[in-house]
Amino acid sequence: MNDDLVGHNAPGDTSRRVFISGAIAAGFALAVRPVAATTIDTDDGGLAAGSVQIPVEGGAMLPAYRAAPERTKGPLPTVIVVQEIFGVHEHIQAVCRRLAKSGYLAIAPELYFRQGDPRNYPEVDQLMKLVMSVPDAQVLSDLDATVAWAARNGGDARHTAITGFCWGGRIVWLYAARNPSLKAAVAWYGRLGGTASANTPKQPLDVAAEVRVPVLGLYGGQDKGISAESIAQMRTALKAAKAQTEIIVYPDAGHGFNADYRPSYNEAAARDGWQKMLSWFKQHGV
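When the letters of the sequence shown are read in order and numbered with full-length UniProt numbering, they come out as residues 1 to 286.
Now the structure itself:
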């Protein structure tokens, strides 16, 4: 077993392993409780699932959650899963397990780990201050490290995709413009425009023409934070991209329609979006 793995079989500093494993296993973030009864429970039967550590720039170790089918031969097609603003909590871990049950190595890195643990913030306003302190440059560099780690630990570098939700959906667009070696990307209700800042100098609309990866965008027609106008602008901007792209809008769905643990969950849109994501991956060789 690779020494990047965290758990009873992994060597290394015990206190750090316990800290990271505890954070990853902490369930749902405080800011999203109580959890709705619609939550889909995906177990880890038949999977190798749990916490890992990924070496990143500056000598730090990036905590992540990974899930993959057990007892498989050869490298696996890989999906990098980018968290919502709430971090790699139970819902994002379940997304990884669902992908693993479809035959993928799925890995979700904790992309705020240098700034703080989003599970410890009971109020969304407090959490947003944490989120806004995380530089895009740091996030994109950590995703590079995650892709490289996956290739060293059972993943197939030639067949790697990325997906992300909400905050992570925005990051998916940015990373698709950064890493042309990806086979495919799926962005779930990620913000497309916004005001530039030191930490977020560019938005998806700014980099649309640079996209070289097939990207599928999944959006809700009732989303109060992502306007129909911005989606139309993105479609226009993507015409200059040298890649196949598509944006699907579910008219009756709002923001976070795949988040089965929240009132925003829209079962019809979520199920259709999930199947379209898997089809997009297969279509583009992941």
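Positions of the beta carbon are idealized from the N, C-alpha and C atoms, including for glycine.
What's the gap between the Cα of residue i and the Cα of residue j?
i, j, result
"V186", "G116", "27 Å"
"G169", "L192", "9 Å"
"I231", "G221", "10 Å"
"R71", "N153", "14 Å"
"A228", "K73", "45 Å"
"S21", "A208", "Here the model assigns S21 a pLDDT of 42, short of 50, so the residue's position is not dependable, and the following value carries that caveat. Whole-angstrom Cα-Cα distance: 37 Å."
"V211", "R33", "36 Å"
"T42", "D136", "31 Å"
"H284", "R178", "18 Å"
"Y250", "Q126", "30 Å"
"P11", "D272", "Here the model assigns P11 a pLDDT of 31, short of 50, so the residue's position is not dependable, and the following value carries that caveat. Looking at the two C-alpha atoms, the distance is approximately 42 Å."
"I171", "R66", "19 Å"
"Y112", "N120", "12 Å"
"G256", "P263", "9 Å"
"D206", "Q233", "11 Å"
"I40", "Y261", "8 Å"
"residue 312", "G155", "This structure cannot speak to residue 312, because the chain is shown only from 1 to 286."
Taking C-beta to C-beta, are residue i and residue j nearer than 9 Å?
i, j, result
"S142", "V81", "Here residue 142 turns out to be Asp, not Ser, going by the sequence shown. Taking 9 Å as the Cβ cut-off, D142 and V81 do not qualify as a contacting pair."
"T160", "A151", "yes"
"A184", "V139", "no"
"A64", "E110", "yes"
"V124", "A31", "yes"
"T146", "I54", "yes"
"R97", "D144", "no"
"A243", "A176", "yes"
"V131", "P180", "no"
"G254", "K224", "yes"
"A49", "Q93", "yes"
"Q83", "A108", "yes"
"D252", "A268", "yes"
"L182", "K202", "no"
Whose CA, out of the options, lies closest to the CA of residue i?
i, options, result
"F165", "L30, D272, A36, A259", "A259"
"S51", "A68, D41, G45", "A68"
"K276", "E246, P263, Y261", "E246"
"A270", "S197, T38, R119", "T38"
"M128", "L99, V286, G225, F86", "F86"
"A29", "E90, G273, P77, G155", "E90"
"P75", "A106, G46, K202", "A106"
"Y265", "V134, A148, Y219, P204", "Y219"
"S133", "R114, L182, L205", "R114"
"W280", "G217, M234, A241", "G217"
"V286", "A148, G46, G58, T78", "T78"
"W274", "V88, W188, P118, W167", "W188"
"I226", "G194, A198, A241, K239", "G194"
Taking the alpha helix (DSSP H) that residue i belongs to, which residues open and close that run?
i, result
"Q283", "267-283"
"I226", "Unbroken run through I226: none, as it is neither H nor E."
"V172", "167-178"
"R98", "90-101"
Any beta carbon from chain C within less than 9 Å of residue i's own beta carbon?
i, result
"R33", "The question asks about chain C, but that chain is absent: this structure has only one protein chain."
If you follow the beta strand (DSSP E) that residue i is part of, which residue opens it and which one closes it?
i, result
"P55", "47-55"
"I247", "245-250"
"I80", "76-82"
**Asked** Taking only runs of the beta strand (DSSP E) that begin and end inside the region 127-165, which ones reach a length of at least 3 residues, in chain order?
**Response** Listed in chain order, the complete beta strand (DSSP E) runs (minimum 3 residues) inside the region 127-165 are 155-165.
**Item:** Minimum length 4: unbroken alpha helix (DSSP H) runs contained in the region 182-232
**Value:** 204-207
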